[in-house]
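Residue numbers for the sequence shown follow my numbering, so the first one is 75 and each next one is one higher.
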Amino acid sequence: MKLRFFSLLLLIIFAAGTAAAGAPDGTVLSQRTSVDYTDSGEQITDNSELITDNSDAEDGEPELESEPEEPVEVTSVKLDRNTLEIKTNETFALSAECLPKNADDKTLLWFSSDSEIAEVSQNGEVTGIEEGVAVITVMSLSIPWIFDLCEVKVERDYLSTIALGRKAVKLSVGSVMPIAVVTAPVTAYDSSYTWTCDDEEIAEMLPGNVIRALKPGVATFTATANDYKEDGRPAESKITVTVISAADYYCTVGKTVSFRAAIAVEDPDSLIWNVYRLTKDSLVEAAIGEADIFVNKLNCRFYGSTVGEYRIEITDPDDEKNVQIIHINVKEPVKRVIAYLEGDENRKTRRAELTVNPDGAEPKKIRLLAAVEPESATYKDVIWKSSKPDVASVDENGVVTPLTVGSAVITCVSATDNKKSTFTVNVKLNPNSITLDKTEPITLRAGTSARLRATVDKSKNSSGAVVWSSSNPDIITVKNGKITAVAVGKAVITVSSLSGNVSASVEVTGVILPSKLTAVDRRLETKIGDTVAFGVGIEPHNATETALIFESRDIGVATVDGDGNITAVGEGTTTVTAVSVNGKRANVIVVVR
């Protein structure tokens, strides 16, 4: 490493020396008087070039120009220290002195032998990056071979403190709480940490140090440093989270809620009431206009004008441990709930038909979704219920399972505002079979449509509903039995029962048919025994069905094969015709001499 560094240093010195000798455009940067020496070592200065013509001088004698002032060069560069020990992420400012102090150019350059260990700025500020040793060099810009060195030893610093903004919090199910985290020292090489929880079913840690309450209980979160000495212990800190089933009280924006405190105290008038609001970062004291409380001994009336979760702390001034905590959620209410079938985003369908198999096989299920309005409503959770769970059941996610023949009403209710919506489910038996009116492959000209009809063989209480599908809707589409060729190619059209237990299919091909046939020659003359070709042009050029049938009106005069080759067999005149699969025709008159 040192050899590589000093090789680089020599290159820099060489480049700087070249720059000192002259500017890039060849201009001389400094000029010195020519100096020579006698045999005895005495210095002889040749100033002959500096003599000018001063014939106009008063004494009539020529004058010599004054000798240019000699530049003052740097003779040494000295650092204030030649060894330095710093931590990772720590910065230390080195200072360097150029002598003599009146040197004309005291510009300095700074270099690090290994910037992955220690970096240095052009102001001499050294920053520790990684554990190891690096050499910092400072050199004169004008005379690069004048420099000084400082050996920098960088030691790895470890995280010693993880401080949490709170030691304990109380949350209601579904609420969140950001936790402030401060780590020290700032020079730690790795200041990251990992969260663990002794019961992840009660609460979880979200990105950004945000705790979310999941279910009632108590859980402890521990933040542990990821980097620590091999012979030491990692820094850590804990926070206890108590989750309650729900807020103690709910309050609609602009309304009030009243309650009575349950704190044991001799003098209720001495109690201290504080109201806090949960923000993105922490609990802060509620501002005037966000929430107000009106207290009369133990009775309280709470007024909330801003949506959010509020925490009321009631403290006995004579006993700081005697504290009651009350959670109140101020919410924007739900005004409307709409239950709809998944996939029906326009919410046009208010009922659905399902089927069950007589043999007890797994039925096909559907899922209902709930649209909650307004979008800004605070609590959008809904509860699903079935009027006849023995006919059709519904789970907490709105998934409906048919169980037996009958009808059931599925209801979704707002969990907090009692707004509801219904969806009707009719359950029938699966049909015995399904057949199509067309079973042979179908050919459709691109851009045209045809109709398929399905017949359902059903018994009493069986469903006659069917589902249509295409194996390649980019080629053939289908809707309620209407098939349309949108491109050239093949697709399989399938009709099936709702559960898919029975189905029928047919292959459909989309084609482009000829719209016009044109004979290359209107008249052909030939001799007996000769063969000539019947050339036919087909429009459009991208037609896919180009097979032709050739016919001769008088085979005693000429015959024609399947490729359009005409053979003369007797004198006379006949007409040869080319016919496309869709009946387009082209003729040529054949004369045999």
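All C-beta atoms in this analysis are idealised placements derived from N, C-alpha and C, irrespective of residue type, glycine included. These figures come from a predicted structure and were not determined experimentally.
Query                                                                                           : Result
Coil, strand or helix - S544 by DSSP                                                            : strand
Selection from S536, S571, V580, S573 that minimises the alpha carbon distance to K556          : V580
Residues near V634 in its chain [Cβ-Cβ closer than 6 Å; skip 5 each side]                       : F624, S626, I640, V650
Three-way DSSP call (helix, strand, coil) for D343 in this model                                : helix
Helix, strand or coil at F608 according to DSSP, with G and I counted as helix                  : coil
Rounded distance between the beta-carbons of V662 and F608, thought under 8 Å                   : 6 Å
Own chain residues within Cβ distance below 6 Å of K653, not counting five before or after      : Sequence check: residue 653 is Val here, not Lys. Cβ neighbours of V653 beyond the five flanking positions: I623, R659.
Host beta strand (DSSP E) of K152 (start-end)                                                   : 150-153
Length of the line joining the Cα atoms of L443 and L415                                        : 6 Å
Alpha carbon of K152 to alpha carbon of L357, nearest angstrom                                  : 56 Å
For W184, the residue or residues it bridges with in DSSP                                       : V212
Contact check, S186 vs A170, beta carbons under 8 Å                                             : no
Between the CA atoms of E275 and S507 - distance to the nearest angstrom                        : 49 Å
CA-to-CA distance, G328 to L280, given in whole angstroms                                       : 31 Å
Contacting residues, own chain, Cβ-Cβ under 6 Å from C172 (five flanking each side not counted) : V148, V151, K180
When V562, D188, S234, L183 are compared against I220, the one with the closest alpha-carbon    : L183
Sub-8 Å separation of K405 and T490 beta-carbons                                                : yes
DSSP state of N403 mapped onto helix, strand, coil                                              : strand
Within 8 Å, strictly: CB atoms of I203 and V228                                                 : yes
Euclidean distance between Cα positions of E394 and I362                                        : 25 Å
S461, DSSP secondary structure in three states                                                  : coil
Residues bridged to W219 (per DSSP)                                                             : Partner(s): none; W219 has no beta bridge.
Cα-Cα separation between D154 and L245, rounded to whole angstroms                              : 58 Å
Expected contact under 8 Å - CB spacing of V468 and S481 to nearest Å                           : Not really, about 14 Å apart at Cβ, beyond 8 Å.
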